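Heads up, the sequence shown is in the numbering used here, so the first residue is 84 and it goes up one at a time. C-beta atoms are modelled at their ideal positions from N, C-alpha and C, and glycine is treated no differently. In this text the structure is predicted, and so the values were computed from the model without any measurement. Notes follow the structure.
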Amino acid sequence: MNQEATGRRGLAQRTLDALITTDPHQRIRLAMAGLSALLMLGCIGAMHLVAAAGLTDPVPVYWWTLACGAGITTVFVLIRSGASRRFADPSLTLFQIVYAIACNAAAYVIAGPARGIAPPILAVIMMFGVFGLTPRQMVGVALYGLAAFGAAGAVVQWWHPRWLPPDSQPPALSAAYLVMIAVVLASSTFLTTRVHSARARLRSQKRELAAAVEQIRELAIRDELTGLPNRTAAACWR
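Shown next, in the form of structure tokens:
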């Protein structure tokens, strides 16, 4: 029985190693990609519930699901194969966020009366950028998000493709959604700036502490007047 349990654990470990490798850095990248994939799957499930409730046409939701799945698969393959190591961002954080925002904006268009789910999903997407992107990158992402949702809002308000269900959303409601989206993007950018500043301050304090420790060590082993090694240094060398 113990051998059987050991064999199952060994098989599980080999399967896990095959999926996320044994490299610790790759494991972290794949784990974060897996977390974002789980969140994307949750969003996909929410959209299918919207379609099942009859709030939107299921056909665009199916195509949207395929596009989301293609993005998830591409990220996993690039990281797992090691191809992403050639990039400046091996974790593909920026790519994942940009792609997720595009999918979110598309969901806003096709969700019909349930498009109010888009801003909370956008907030979750931007959380990944707070800890993974620089302030300059987040500003670019915020401007991109405003452009993407501005275009999505224009499609909803003024252009009604035949593959979308009839939508009579009041302009005031569209404006309210866009205001909330702008708030999410602006607050995420502000938080990124604060986190980046805190990290820079911690790095500076760490360097100062290391320099102070080195100075104390030098004072402990050298004579203050002559600069020559003192008895403490001689004791240490024995």
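Would Q288 be called buried (16 or more neighbouring beta carbons within 10 Å of its own) or exposed?
-> exposed
G165, buried or exposed, once every other Cβ within 10 Å from all chains shown has been counted against 16 | exposed
Identify whether P107 lies in helix, strand or coil by the three-state DSSP scheme.
-> helix
Can you give the Cα-Cα distance for M123 and V278, rounded to whole angstroms?
-> Their Cα atoms are separated by approximately 25 Å.
Would you report the Cα separation of T105 and L113, rounded to the nearest angstrom?
-> If I take the Cα positions, the gap works out to 11 Å.
Among M210, I162, L285, V181, which residue has its Cα nearest to the Cα of S174?
-> Minimum Cα distance to S174 is reached at I162.
Span of the alpha helix (DSSP H), counted from its first residue to its last, around I204 | 201–215
How should R198 be labelled, buried or exposed, when 16 other C-beta atoms within 10 angstroms of its C-beta is the threshold for buried?
-> buried
Taking DSSP as the reference, what is the three-state secondary structure of P253?
-> coil
Mapping DSSP to helix, strand and coil, what is G137?
-> coil
Hey, quick one: how far does the alpha helix (DSSP H) through W324 stretch, first residue to last?
-> Here the chain covers residues 84 to 321 and nothing more, so residue 324 does not appear.
Tell me, to the nearest whole angstrom, how far the beta carbon of V224 is from that of I180; I am working on the premise that it is less than 8 Å.
-> 6 Å
Over the uninterrupted alpha helix (DSSP H) stretch that includes L175, give me the two end residues.
-> Counting along the chain, L175 falls outside any alpha helix (DSSP H), and DSSP gives it neither H nor E.
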